[in-house]
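Engineer: This structure is in structure tokens; I'll ask about it shortly.
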Amino acid sequence: MEQIILVMYHHPRFLLRKPEIMKKFVDKVDKMGMDRSSRMFIHGIRIFSSMSYKTWELKFRTFGELGFSEDDIAAAFRYTPTVFGVSEEKLKEVKEVLLATGKYNLSCIINYPTSLMYSVEKRYKPRLQVLEMLESKNMIQSWPKIKTLCPMPNKRFYEKFIEPYLDEDGDVCTEKSALSGKRTVKVKN
Numbered sequence: 004m005e006q007i008i009l010v011m012y013h014h015p016r017f018l019l020r021k022p023e024i025m026k027k028f029v030d031k032v033d034k035m036g037m038d039r040s041s042r043m044f045i046h047g048i049r050i051f052s053s054m055s056y057k058t059w060e061l062k063f064r065t066f067g068e069l070g071f072s073e074d075d076i077a078a079a080f081r082y083t084p085t086v087f088g089v090s091e092e093k094l095k096e097v098k099e100v101l102l103a104t105g106k107y108n109l110s111c112i113i114n115y116p117t118s119l120m121y122s123v124e125k126r127y128k129p130r131l132q133v134l135e136m137l138e139s140k141n142m143i144q145s146w147p148k149i150k151t152l153c154p155m156p157n158k159r160f161y162e163k164f165i166e167p168y169l170d171e172d173g174d175v176c177t178e179k180s181a182l183s184g185k186r187t188v189k190v191k192n
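Take a look at the structure:
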């Protein structure tokens, strides 16, 4: 009931579907192997309901082109079905940016598909620039795992990767709003 209430609040049109159509979506989610008691089950149904069969096939093909196997795609759907609502262009762009660092590989992305949902411009580029700079100056030993880097709030990223080095090197700077977590961290060149 809690999940239905959340969907009613955030996506009310979803619940206006005819019962026979809704049953087809439930069957599709069942075929993907998602447990009906999972908190993601209703989100899986909502994602299926938001796209045509042709669009679903395009998403499936895009994930295959990114390097996901059929099992990986099904696991990604069970873990975070909302990633299938991300555009094909963004999926490809995020993969390219993460792999370009040389610190993350395809298995990192496959094991944490939520990483494909974050903004390249607002989240990844600023953070990756900071990490590259810190590494080039031997200020960090290793990069955070992708599962840590992605969901970390801006304020926490600042506290962990910027604040400790402010006194040591004047190249790291932030805007005041980064302290409140409203903006990303910027690096002076």
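Sequential numbering from 4 applies to the sequence shown in this note's numbering. For each residue, glycine too, the CB sits at the ideal point set by N, CA and C. Computed from a predicted model, the values in this text were never measured in an experiment.
Identify which residue in 167, 115 and 112 has its Cα closest to the Cα of residue 133.
Structural biologist: Taking only the C-alpha atoms, the option nearest residue 133 is 167.
Engineer: Relative to the C-alpha of residue 15, which candidate in 35, 66, 44 and 49 has its C-alpha closest?
Structural biologist: Looking at the Cα atoms, 49 is the closest of the given residues.
Engineer: Residue 47 to residue 143, Cα distance in whole Å?
Structural biologist: Between residue 47 and residue 143, the C-alpha separation is close to 39 Å.
Engineer: The alpha helix (DSSP H) with residue 144 in it runs from where to where?
Structural biologist: Counting along the chain, residue 144 falls outside any alpha helix (DSSP H), and DSSP gives it neither H nor E.
Engineer: Counting only the same chain and skipping the five closest in sequence on each side, list residues whose C-beta sits under 7 Å from that of residue 6.
Structural biologist: For residue 6, where only same-chain residues beyond five positions count, the Cβ hits under 7 Å are 42 and 45.
Engineer: Considering only residues of the same chain and omitting the five flanking positions on each side of residue 118, which have a CB-CB separation below 6 Å?
Structural biologist: The answer, listed in chain order, is 112, 149 and 153.
Engineer: To the nearest angstrom, report how far apart residue 76 and residue 155 are at their CA atoms.
Structural biologist: Looking at the two C-alpha atoms, the distance is approximately 25 Å.
Engineer: Check this for me: beta carbons of residue 91 and residue 65, under 8 Å apart or not?
Structural biologist: Contact: yes.
Engineer: Using a 10 Å radius around the Cβ and a threshold of 16 neighbouring Cβ atoms, would you call residue 115 buried or exposed?
Structural biologist: Buried.
Engineer: Since residue 3 and residue 137 should fall inside the 8 Å C-beta cutoff, what is the C-beta to C-beta distance between them, to a whole number of angstroms?
Structural biologist: Here the chain comprises residues numbered 4 to 192, so residue 3 is not present and cannot be evaluated.
Engineer: Work out the CA separation of residue 146 and residue 37 for me, nearest whole Å.
Structural biologist: Straight-line Cα distance between these residues: approximately 33 Å.
Engineer: First and last residue of the alpha helix (DSSP H) that includes residue 161?
Structural biologist: That run of the alpha helix (DSSP H) goes 157-164.
Engineer: Name the residue from 109, 87, 98 and 108 whose alpha carbon lies nearest to the alpha carbon of residue 32.
Structural biologist: Comparing Cα positions, the closest option is 87.
Engineer: State the start and end residues of the unbroken alpha helix (DSSP H) segment that holds residue 116.
Structural biologist: No alpha helix (DSSP H) holds residue 116; DSSP gives it neither H nor E.
Engineer: Between which two residues does the alpha helix (DSSP H) carrying residue 133 extend?
Structural biologist: Per DSSP, residue 133 belongs to the alpha helix (DSSP H) from 128-139.
Engineer: Going by DSSP, what residue range makes up the alpha helix (DSSP H) through residue 120?
Structural biologist: Premise fails: residue 120 is in no alpha helix (DSSP H) and is neither H nor E.
Engineer: Helix or strand or just coil, what does DSSP make of residue 16?
Structural biologist: Looking at residue 16 - three-state DSSP - the assignment turns out to be helix.
Engineer: Given residue 84, which residues of its chain have a CB within under 7 Å of its CB, disregarding the five upstream and five downstream residues?
Structural biologist: Excluding sequence neighbours, residue 84 sits near 43, 46, 47 and 50.
Engineer: What runs of the beta strand (DSSP E), each 3 residues or longer, lie entirely inside the stretch 50-76?
Structural biologist: If we require 3 residues or more, the stretch 50-76 turns out to have no beta strand (DSSP E) run fully inside it.
Engineer: Quick check on residue 167: does DSSP put it in helix, strand or coil?
Structural biologist: Correct three-state label for residue 167: helix.
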